[in-house]
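Enquirer:
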Amino acid sequence: MKKSILLLALFSFVFGFSQNITFSKEKLEQLNQFNLENKSRAFIIFQDGKIINEQYFGTKIIDKAPFDQNSNWYWASAGKSLTAVLIGIAQQEKLLNINDSVSKYLGKWTGMDKNSEDKITIRTLLTMTSGLDYSQDQTCNYRNCFAMKNPAGSFWYYDTSAYSQLAKVIEKASHKSIDQYTSEKLSGSGISGKWIPYENGLVFSSTAKSFLQFGKLVLNKGKLNDKVYYQYNSYFQQMTDTSQEVNPSYGYLWWLNGKNSIRVPGFEQSFNQSLVPDAPKDMFCALGKNGQILDIVPSKNLIIIRMGENPNAYSNMIKFHRELWNKILQ
Numbered sequence: 016m017k018k019s020i021l022l023l024a025l026f027s028f029v030f031g032f033s034q035n036i037t038f039s040k041e042k043l044e045q046l047n048q049f050n051l052e053n054k055s056r057a058f059i060i061f062q063d064g065k066i067i068n069e070q071y072f073g074t075k076i077i078d079k080a081p082f083d084q085n086s087n088w089y090w091a092s093a094g095k096s097l098t099a100v101l102i103g104i105a106q107q108e109k110l111l112n113i114n115d116s117v118s119k120y121l122g123k124w125t126g127m128d129k130n131s132e133d134k135i136t137i138r139t140l141l142t143m144t145s146g147l148d149y150s151q152d153q154t155c156n157y158r159n160c161f162a163m164k165n166p167a168g169s170f171w172y173y174d175t176s177a178y179s180q181l182a183k184v185i186e187k188a189s190h191k192s193i194d195q196y197t198s199e200k201l202s203g204s205g206i207s208g209k210w211i212p213y214e215n216g217l218v219f220s221s222t223a224k225s226f227l228q229f230g231k232l233v234l235n236k237g238k239l240n241d242k243v244y245y246q247y248n249s250y251f252q253q254m255t256d257t258s259q260e261v262n263p264s265y266g267y268l269w270w271l272n273g274k275n276s277i278r279v280p281g282f283e284q285s286f287n288q289s290l291v292p293d294a295p296k297d298m299f300c301a302l303g304k305n306g307q308i309l310d311i312v313p314s315k316n317l318i319i320i321r322m323g324e325n326p327n328a329y330s331n332m333i334k335f336h337r338e339l340w341n342k343i344l345q
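Note that the sequence shown covers residues 16 to 345 in my numbering.
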């Protein structure tokens with residue numbers, strides 16, 4: 016049933032982008048109302064170097080106090096995109112190479128034979144092409160839960176269990192906890208938060224403004240507040256470009272718009288359309304469960320942030336994301 020609903024969403028809102036993006040007072044009011052009605056906690060629009068909309072809604076999860084600019088919220092899978100940046104920084108520091116086998120850092124970490132295991136590289140984890148058996152229990156992080164289904168690098172499937180090994184790689188390579196490494200490498204950026212254990216991995220949590228600062232860092236190609244956090248080298252160019260042949264809409268843990276085909280989480284087949292057909296083709300996104308959204312549009316010098324619960328009226332994140340852009344462009 017869920018897959019049928021997602022299929023319906025995928026074949027809705029299939030248009031094309033061809034207009035400027037402006038925000039009148041009336042449009043901002045409509046967008047904020049839309050977010051209020053759909054369980055958002057934060058909605059921020061950053062355009063041409065300034066915040067033009069910053070709204071908070073509802074209450075915190077724990078104490079039910081009003082949600083505001085100082086409140087933390089989970090990034091869910093949008094944190095994968097932060098991990099991609101940290102991997103790039105670690106490679107620039109020569110702590111690792113994305114062509115290295117994961118086993119170089121983790122030792123024996125799967126239930127496979129050594130030859131098969133060694134073919135799983137950091138790159139295949141970044142691109143969701145590890146080849147691991149995604150039909151296994153995704154909450155299991157024990158060695159025997161990792162078995163081969165496809166040759167590494169040959170098949171794309173959104174496998175969070177495989178991705179979760181990247182934090183361990185960073186920790187082994189840097190000899191620091193993932194929290195310590197994140198804090199040190201992004202010190203002074205305004206990006207502050209914490210990695211929280213969740214199921215089989217870690218989820219990053221921060222304020223909406225920290226989420227925005229992360230977007231600004233990537234939009235500015237590694238520069239923020241007069242400081243260079245990473246050099247915009249080939250890795251970071253590839254990070255937000257098609258990373259493999261199977262799913263053109265996926266880079267290194269970033270979602271890419273404007274491609275002719277997409278494979279979405281939970282599916283083994285692709286669909287001949289882009290992520291958000293209404294939106295600019297150069298947009299790339301950090302996306303997470305329940306509609307955690309960081310949209311970056313370089314051509315429009317634009318960042319959109321949405322944090323919150325699962326939207327009321329929308330059966331899945333893709334449909335909500337597309338409807339949000341439909342309203343932005345009205």
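All C-beta atoms, glycine included, are put in the ideal place defined by N, C-alpha and C. Only a predicted model underlies this, so the values are computations on that prediction, with no experimental measurement involved.
1. Among Q106, S55, K54, E52, which residue has its Cα nearest to the Cα of N248?
2. Using alpha carbons as the reference points, say which of L217, F226, I193, F219 lies closest to I206.
3. Is V117 helix, strand or coil by DSSP?
4. Can you check which of these residues, D174, F170, S131, is closest to N215 by C-alpha distance?
5. Just list the residues that DSSP pairs R321 with in beta bridges.
6. Among residues of its own chain, excluding the 5 on either side of A162, which ones have a beta-carbon nearer than 8 Å to its beta-carbon?
7. Under DSSP, the alpha helix (DSSP H) around Y244 begins and ends at which residues?
8. Taking the alpha carbon of H190 as the point to measure from, which residue in Q45, K54, N159, Y120 has its own alpha carbon closest?
9. Since N50 contacts R321 with CB under 8 Å, what's their CB separation in whole angstroms?
10. Indicate the three-state DSSP secondary structure (helix, strand or coil) for A99 in the structure shown.
11. When we look at the beta-carbon of S202 and count the other beta-carbons within 10 Å, is it buried (16 or more) or exposed?
12. Would you mind sorting N316 into buried or exposed? The rule is 16 or more other CB atoms within 10 Å of its CB.
13. Going by DSSP, what residue range makes up the alpha helix (DSSP H) through Q259?
14. For F82, verify whether its CB is less than 7 Å away from any heavy atom of the ligand GDP.
15. Measuring CB atoms only, is the segment 243 to 259 touching the segment 267 to 276, in the sense that at least three cross pairs come out at less than 8 Å?
16. Compute the beta-carbon to beta-carbon distance between G230 and L339, rounded to the nearest angstrom, for a pair I have assumed lies under 8 Å.
17. How long is the line joining the alpha carbons of S198 and S221, rounded to whole angstroms?
18. Tell me the rounded alpha-carbon separation between S289 and P280.
19. Look at the Cβ atom of L141, then the Cβ atom of S258, and state whether they are nearer than 8 Å.
20. Take every Cβ of the segment 39 to 56, pair it with every Cβ of the segment 68 to 87, and state whether three or more of those distances are shorter than 8 Å.
21. Under 8 Å between the Cβ atoms of Y172 and E41?
22. What would DSSP say about V233, mapped onto helix, strand or coil?
Expert: In brief:
1. The shortest Cα separation from N248 among Q106, S55, K54, E52 belongs to Q106.
2. F226
3. coil
4. D174
5. F58, I308
6. T125, G126, M127, L147, D148, Q151
7. Element bounds for Y244: n/a, residue is neither H nor E.
8. Y120
9. 7 Å
10. A99: helix per DSSP, three-state reduction.
11. exposed
12. exposed
13. Taken as a continuous stretch (DSSP letters only), Q259 belongs to no alpha helix (DSSP H), as it is neither H nor E.
14. Ligands in the displayed structure: none, and consequently the ligand GDP is not present.
15. Touching, yes, given that three or more Cβ pairs across the two stretches are closer than 8 Å.
16. Not quite, the Cβ-Cβ distance comes to about 16 Å (not below 8 Å), so this is no contact.
17. Rounded to the nearest whole angstrom, the C-alpha separation of S198 and S221 is 12 Å.
18. 14 Å
19. yes
20. yes
21. no
22. helix
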